[in-house]
Amino acid sequence: GAGWKRLLSVLSKRVADGGSAETMAMSYLDFAFEHPHLYWLMSQYPFDRDALKAKNRLRQGKALWDAFARLVALVGSSDPEADTRLLMASLHGLVVLHESGRADLGQARARRGHEATREAAKRLVSVLFASSAPKGRAGP
502 GAGWKRLLSV
512 LSKRVADGGS
522 AETMAMSYLD
532 FAFEHPHLYW
542 LMSQYPFDRD
552 ALKAKNRLRQ
562 GKALWDAFAR
572 LVALVGSSDP
582 EADTRLLMAS
592 LHGLVVLHES
602 GRADLGQARA
612 RRGHEATREA
622 AKRLVSVLFA
632 SSAPKGRAGP
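Quick note, my numbering runs 501 ahead of the 1-based positions in the sequence shown.
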């Protein structure tokens with residue numbers, strides 16, 4: 502839970518500072534790229550859900566999920582539960598593709614750095630939040 506709390510803290514600050522859905526997505530990617538080992542432990546390290554549940558080690562999960570959903574609502578989601586699931590899964594997929602060297606395999610010429618991953622995340626946010634105008638904020 503500590504890594505997810507850290508990520509949540511970063512995203513919360515960006516949104517509190519007036520950040521958009523795109524800012525939040527870019528901050529998620531930055532966190533994953535700047536802390537690859539921590540991100541891997543947070544999101545890919547296999548764990549035994551039943552054993553952790555029996556030891557009461559999953560108690561933070563729902564509260565963290567709800568906090569991420571509140572941020573997604575703040576940046577304009579009309580369905581924060583579904584959009585949080587889609588946004589988190591998609592951003593995670595982009596990170597994994599990037600880290601494995603597969604983020605830009607469809608490009609005729611490989612792009613440098615994180616460019617292809619960032620472009621895909623921007624497109625994701627523009628599509629996901631296209632029909633929702635954030636309350637009191639500019640678009641994505």
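Heads up, the beta-carbon is just placed ideally off N, CA and C, and yes, glycines get one too.
DSSP places Arg619 inside the alpha helix (DSSP H), whose first and last residues are Glu616 to Leu629. Ser579 sits exposed, since fewer than 16 C-beta atoms from the chains shown fall within 10 Å of its C-beta. Measuring C-alpha to C-alpha distances from Val511 to each of Gly577, Met589 and Phe532 identifies Phe532 as the nearest. In the pairwise beta carbon analysis, the segment 564-576 is classified as not touching the segment 539-546: fewer than three pairs are separated by under 8 angstroms. For Ala533, the three-state secondary structure derived from DSSP is helix. According to the DSSP assignment, Gly504 belongs to the alpha helix (DSSP H) that extends over Ala503 to Ala517. The DSSP-derived three-state label of Phe569 is helix.
DSSP, reduced to helix, strand and coil, places Val596 within a helical segment of the structure shown.
Taking a C-beta distance under 7 angstroms as the contact criterion, Leu565 and Leu559 do not qualify as a contact pair.
Per DSSP, Arg550 is one residue of the alpha helix (DSSP H) stretching across Arg550 to Ala555. Residue state for Ala604 is assigned as coil, using DSSP reduced to three classes. CA-CA distance, Lys556 to Gly504, rounds to 19 angstroms.
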